[in-house]
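Numbering (the numbering used here), first residue to last: 3 to 260.
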């Protein structure tokens, strides 16, 4: 789990740097479509495509929002994924226990404290709401992936193709002369660490561990992203985040021991 936390925790700051000089949809699509696709049967293709639409549609939404939302805030909002997973499982008949609900709410409460501690003025914006919508898509993709065990590479290819098509449709274009070295390096990081290593770890964990345990990445990722944002990108640090981080860790520990 720690490897997944580091892969995806570093992805939010990397995405923030990437979209500073690269168009968000095209950039996100290219980093995902770069993965090599294996030969697969029709059933696996369809399952992977459905999951890819959810997981990587969420990735594109976050990429667009991060031109206006700090990396740490985006990561914190995505941490609502376990709560949405609990709700989706209840709707589809896979009802979680009261203890599981309590653990999820405990982790989410810590996320809220982190959000309050890190947020400085401006209030809720449409961009923040877009990140929340992305977390719902991510939850749906997580539930789908746990049931169908799709092919990782095809998930990335499907989402990448959709993001590229949407980027071209809305008029995004890449001017290499205007792209900074930092943005190119951030894009490479997202391909190698987030898209490849992260999704391979994610699907392996889904195949071997309970979905409620795997979803705890959303509790730890905001803490990792926040620390990287503060230490590397110079985003503001607020002491209240320490209290929220403690609650987040408590939620993760409770789920791991369950």
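For each residue, glycine too, the CB sits at the ideal point set by N, CA and C.
query	result
Option in 236, 203 and 185 with minimal Cα separation from residue 17	185
C-beta contact flag for residue 112 and residue 253 at 7 Å	yes
Residue from 90, 105 and 29 whose Cα sits closest to the Cα of residue 178	29
Sub-7 Å separation of residue 223 and residue 86 beta-carbons	no
Alpha helix (DSSP H) segment containing residue 84, residue limits	83-93
Cα-Cα separation between residue 67 and residue 130, rounded to whole angstroms	7 Å
Presumed contact (8 Å Cβ cut-off) between residue 228 and residue 74, rounded CB distance	4 Å
Per-residue DSSP class, three states only, for residue 69	coil
Residue 138, DSSP secondary structure in three states	helix
Own chain, CB closer than 8 Å to residue 134, minus 5 neighbours either side, in chain order	79 and 82
Length of the line joining the Cα atoms of residue 32 and residue 206	24 Å
Helix, strand or coil at residue 4 according to DSSP, with G and I counted as helix	helix
Under 7 Å between C-beta atoms of residue 27 and residue 169	yes
Straight-line gap, residue 240 to residue 88 (C-alpha atoms, nearest Å)	30 Å
Whether residue 250 touches residue 109 by CB criterion (7 Å)	yes
Length of the line joining the Cα atoms of residue 63 and residue 238	24 Å
Within 7 Å, strictly: CB atoms of residue 182 and residue 23	yes
Buried or exposed (CB count within 10 angstroms, at least 16 for buried), residue 234	exposed
Alpha-carbon spacing of residue 60 relative to residue 140, whole angstroms	6 Å
Rounded separation between residue 209 and residue 138 - CA only	21 Å
Pair within 7 Å by beta-carbon distance, residue 25 and residue 230	no
Classification of residue 180 by the beta-carbon crowding that lies within 10 angstroms, buried from 16 upward	exposed
Whole-angstrom distance between residue 105 and residue 244, CA atom to CA atom	19 Å
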